Amino acid sequence: MVAITEDTFAPRFAILQDLFSDSISAQQAAEYLASISLADDSDLEGGITSLWSLIFKCAYDFPDHHDKLVNVLVQLSKLPNAKTSNGDSVLLHDMQVWKDLPMLGWQFRDEWNASVPAGPPDSRQSAISRIINRDRFTAQLMATKVPVFAYSWFALITLREALESPTEKSMGKLEGLIPAAAAWISILGADIYQWNEGFDGALGKGGPLWKGQHGFCKERWQFWKERFGELAILEEIGNDVRTAARDAQRTMEEIEK
Numbered sequence: 038m039v040a041i042t043e044d045t046f047a048p049r050f051a052i053l054q055d056l057f058s059d060s061i062s063a064q065q066a067a068e069y070l071a072s073i074s075l076a077d078d079s080d081l082e083g084g085i086t087s088l089w090s091l092i093f094k095c096a097y098d099f100p101d102h103h104d105k106l107v108n109v110l111v112q113l114s115k116l117p118n119a120k121t122s123n124g125d126s127v128l129l130h131d132m133q134v135w136k137d138l139p140m141l142g143w144q145f146r147d148e149w150n151a152s153v154p155a156g157p158p159d160s161r162q163s164a165i166s167r168i169i170n171r172d173r174f175t176a177q178l179m180a181t182k183v184p185v186f187a188y189s190w191f192a193l194i195t196l197r198e199a200l201e202s203p204t205e206k207s208m209g210k211l212e213g214l215i216p217a218a219a220a221w222i223s224i225l226g227a228d229i230y231q232w233n234e235g236f237d238g239a240l241g242k243g244g245p246l247w248k249g250q251h252g253f254c255k256e257r258w259q260f261w262k263e264r265f266g267e268l269a270i271l272e273e274i275g276n277d278v279r280t281a282a283r284d285a286q287r288t289m290e291e292i293e294k
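Convert by adding 37 to the 1-based position in the sequence shown; the result is the number in this note's numbering.
Structure (structure tokens):
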């Protein structure tokens with residue numbers, strides 16, 4: 038994995054550091070990042086992909102600045118449409134730069150391939166932290182209600198992996214998945230409760246313990262709530278994980294009132 042301090046990211050990372058220190062606004066940061074990312078006409082796709090990769094790396098390494106990273110992405114989506122030298126709109130894979138934030142969704146799919154290794158402990162804990170921060174960051178993006186951040190499917194994946202498999206088969210992953218699933222409930226639970234979004238085929242299917250409707254529905258919400266409750270008293274998982282499950286269950290109960 039390329040380090041955040043590598044030369045590839047240096048100019049963009051310097052801008053984000055200024056943002057984190059409140060030296061510049063999110064709008065200014067977005068304008069500077071856009072300019073750098075479009076500087077090489079011969080590799081626009083590479084420039085934009087590098088930007089998305091850096092933003093995720095910062096989301097993992099600087100979770101206290103998630104709000105600023107979210108705001109930067111919002112501001113990027115509001116920038117004027119990029120134009121070629123002859124005045125045509127810049128499109129990448131039929132997506133408008135910047136309104137559609139082209140290829141950002143692909144970056145999310147890549148990040149959702151993450152797994153938790155059995156060891157060594159440092160690598161395992163780093164992977165767990167990344168998964169939790171990934172989901173917190175994504176939920177905060179969706180909470181903006183900006184249409185380009187239509188990422189409900191990623192919430193479904195995490196909730197399915199965390200709650201819809203027999204505990205003994207997913208024990209090694211629960212340390213990351215339960216707090217990640219709980220983050221969706223904490224940040225976006227009231228919205229998720231109202232979602233009735235279906236996903237065709239494998240996209241919305243349940244894990245081994247869920248045989249009901251694909252996608253989001255009230256019945257699946259109830260099942261998730263019950264599973265959080267079961268995990269909240271499971272002695273085999275750590276106290277922090279049990280607490281996250283308990284808090285998620287209570288939040289869901291409050292949302293239902």
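Note that beta-carbon positions come from the ideal geometry of N, C-alpha and C, so glycine has one too.
This structure is a prediction, so every number in the text was calculated from the model and none was measured.
In the DSSP assignment, L271 falls outside any alpha helix (DSSP H) and carries neither an H nor an E.
Here the region 170-177 makes contact with the region 214-234; the two share three or more CB pairs at distances below 8 Å. For E293, the enclosing alpha helix (DSSP H) begins and ends at 276-293. Under the three-state reduction of DSSP output, L138 falls in the coil class, being neither helix nor strand. When secondary structure is reduced to three states using DSSP, K206 falls in the helix class. For P48, the enclosing alpha helix (DSSP H) has its first and last residue at 47-57.
The alpha-carbon of K262 is positioned some 40 Å away from that of V134. Secondary structure at L116: coil, using DSSP grouped into helix, strand and coil. Of the other Cβ atoms in all chains shown, 16 or more fall within 10 Å of the Cβ of E212; this residue is therefore buried. One Cα belongs to E293, the other to D228, and the distance between them is close to 11 Å. Residues F46, R49 of the same chain have their beta carbon placed closer than 6 Å to that of L91, with the five preceding and five following residues left out of the count. Distance from the CA of V127 to the CA of P158, rounded to the nearest whole angstrom, comes to 45 Å.
Contact between the region 143-152 and the region 62-79 is absent, with fewer than three C-beta pairs closer than 8 Å. Cβ-Cβ separation between K105 and L56: approximately 5 Å, consistent with a contact (criterion under 8 Å).
When C-beta atoms of the region 241-259 are compared with those of the region 189-205, three or more pairs fall below 8 Å, so the two segments count as touching.
For the pair L268 and F236, the CB atoms are not nearer than the 8 Å cut-off.
Counting along the chain, the unbroken alpha helix (DSSP H) around S160 starts and ends at 158-180. For Y188, there is no enclosing alpha helix (DSSP H), as DSSP marks it with neither H nor E.
Note: Q144 is not bridge-paired with any residue in the DSSP secondary-structure output.
If you check the CB distance, A67 and V107 do not come in under 8 Å. In the same chain as R283, and ignoring 5 residues on each side of it, the C-beta atoms closer than 6 Å to its own belong to A269, in chain order. Residue burial annotation: W143 is exposed, with fewer than 16 other C-beta atoms found within 10 angstroms of its C-beta.
In the three-state DSSP reduction, Q250 falls in the coil class, being neither helix nor strand. Residue pairing by DSSP places Q64 in no beta bridge whatsoever. Boundaries of the alpha helix (DSSP H) around W89: 81-98.
The beta carbons of V185 and L138 sit about 5 Å from each other, so the pair counts as a contact at 8 Å.
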